[in-house]
Amino acid sequence: MELRHATNPTDFKAYTTERLRKDFLIENLFQEGQVSMVYTHYDRMVVGGAVPVKEPLEIEAAATLKTEYFLERREAGFLNIGEGEAVITADGETYELGKLDVLYVGKGTQKVTLASKDSSSPAKIYFCSSLAHAALPNKKLAISDATPNHMGSTETSNERTIYQYIHADGIQSCQLMLGVTLFKPGSVWNTMPAHVHDRRMEAYLYFDMKPETRVMHFMGEPSETRHLVVANEQAIISPPWSIHSGAGTSSYSFCWSMAGENYTFKDMDFIAMDALK
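And the structure:
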C-alpha cells in the first residue's frame, strides 16, 4: 500500500508539476491479477483498484493499517467500471456487479474477495474506504436502480447525469459517500462553477476515456489554482481546501467519493467565477 501525506496549502503554491503529480495523481490502479491501494492522510481514505483475472483477489490489511483485517475499523464502496461482471464475496455472501453497479461493505466484514465472472472479460473494480464508527449492512445498488439526477446544459458544455449510490438518501454509511457522473456527448466540464468543502476530502476517478484523450483537472485554493493532465483510469486526491474541477478533450465519466466530518451532500461552498485565479 502506497502512503500519501497531507499537504499545507501554503506549501502547495510552490509545487512543480512533478511534485503535484507525485502527491495527488494516482496513475496505475488497475493492474491485472493484483490489488493496488493508496492510503492518503486526508481523512484516512484508501483508494484502490483491482483487475481479477484467473484467481480471486483478497482485500488484505497492510502493515499500514495495524489491524487484523482490512475492514476492522473501516467501511468501503466498490464500483465495477469494467465491461466484464465482478463477483465480490464478503464473509461468504456473494454479490455480482455489472458495469457501474456499486457494493457497500460495512465495518467488521472480515474477508472480502474480488473476482471476475469470466476471466476472458475481467472486471475492473475501483474502491474507496474510509474510517467507520458503526457496523452497517452490506448492500448492492445497481445503476438501473440508482436515481439519476440530470444537470447542466449543452450551452455550458456540462450536460450530465449524476448517480448517487452511497449517501444519506441511498445506501447508508458512516461517512463514506460515492457516486458516478456520466456526460452527454459534447459535454466536457465537471464541477464548474467550482466549490470547496472544508469538512471533507474527495477522490476522483476518471474513466471511459479514449487512449488519446485527456482531462485537465483543476485544483488548489480558488486564488491559486493549478492543473493536472489526467489519462484514462487515473485518480485524483483532492484536499478539503482545494477546488476539484475539470475539462476533457472529449466526453468521459468519473467516480467521486468523499469522506470527512460532514455527511451532507449539499455542504459546498461555491466559488464565484470572478474569484477564480
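Numbering (the working numbering), first residue to last: 2 to 278.
Ideal placement from N, C-alpha and C gives every residue a C-beta, glycine not left out.
Since this is a predicted model, take the numbers as computed values, not measurements.
8 Å contact criterion, which residue i and residue j should meet: CB distance rounded
{"i": "residue 133", "j": "residue 107", "result": "7 Å"}
{"i": "residue 174", "j": "residue 46", "result": "Residue 174 to residue 46, Cβ: 13 Å. No contact."}
{"i": "residue 179", "j": "residue 223", "result": "The Cβ separation is near 25 Å, so there is no contact."}
{"i": "residue 62", "j": "residue 76", "result": "The Cβ separation is near 14 Å, so there is no contact."}
{"i": "residue 34", "j": "residue 54", "result": "5 Å"}
{"i": "residue 236", "j": "residue 190", "result": "Residue 236 to residue 190, Cβ: 19 Å. No contact."}
{"i": "residue 139", "j": "residue 91", "result": "5 Å"}
{"i": "residue 264", "j": "residue 136", "result": "Actually they are not in contact, since the Cβ atoms of residue 264 and residue 136 sit about 17 Å apart, beyond 8 Å."}
{"i": "residue 261", "j": "residue 119", "result": "Rounded, the Cβ-Cβ distance is 38 Å, inconsistent with contact."}
{"i": "residue 188", "j": "residue 155", "result": "7 Å"}
Neighbour-count burial assignment, residue i, 16 or more Cβ in a 10 Å radius
{"i": "residue 80", "result": "buried"}
{"i": "residue 104", "result": "buried"}
{"i": "residue 245", "result": "buried"}
{"i": "residue 201", "result": "buried"}
{"i": "residue 221", "result": "buried"}
{"i": "residue 195", "result": "buried"}
{"i": "residue 259", "result": "buried"}
{"i": "residue 270", "result": "exposed"}
{"i": "residue 111", "result": "exposed"}
{"i": "residue 123", "result": "buried"}
{"i": "residue 41", "result": "buried"}
{"i": "residue 6", "result": "exposed"}
{"i": "residue 243", "result": "buried"}
{"i": "residue 1", "result": "Residue 1 lies beyond the stretch modelled for the chain, which goes from 2 to 278, so this question has no answer here."}
{"i": "residue 215", "result": "buried"}
{"i": "residue 240", "result": "buried"}
{"i": "residue 230", "result": "exposed"}
{"i": "residue 38", "result": "buried"}
Beta bridge counterpart(s) of residue i as assigned by DSSP
{"i": "residue 196", "result": "271"}
{"i": "residue 128", "result": "49 and 79"}
{"i": "residue 15", "result": "Answer by DSSP bridge pairing: none, since residue 15 is not bridged."}
{"i": "residue 184", "result": "161"}
{"i": "residue 171", "result": "DSSP output for residue 171 lists no bridge partner at all."}
{"i": "residue 235", "result": "207"}
{"i": "residue 89", "result": "96 and 115"}
{"i": "residue 140", "result": "105"}
{"i": "residue 230", "result": "217"}
{"i": "residue 246", "result": "219"}
Residue i - DSSP class collapsed to helix/strand/coil
{"i": "residue 45", "result": "coil"}
{"i": "residue 215", "result": "coil"}
{"i": "residue 55", "result": "coil"}
{"i": "residue 21", "result": "helix"}
{"i": "residue 133", "result": "coil"}
{"i": "residue 147", "result": "coil"}
{"i": "residue 281", "result": "What is shown of the chain runs 2 to 278, which leaves residue 281 out entirely."}
Exercise for review: Would you be able to state if there are at least three C-beta pairs under 8 Å between the region 149 to 157 and the region 117 to 127?
Suggested key: no
Review point. On the three-pair Cβ rule with 8 Å, is the region 183 to 190 touching the region 108 to 119?
Key: no
Review point. Is the region 4 to 14 close to the region 28 to 36, with three or more CB pairs under 8 Å?
Key: no
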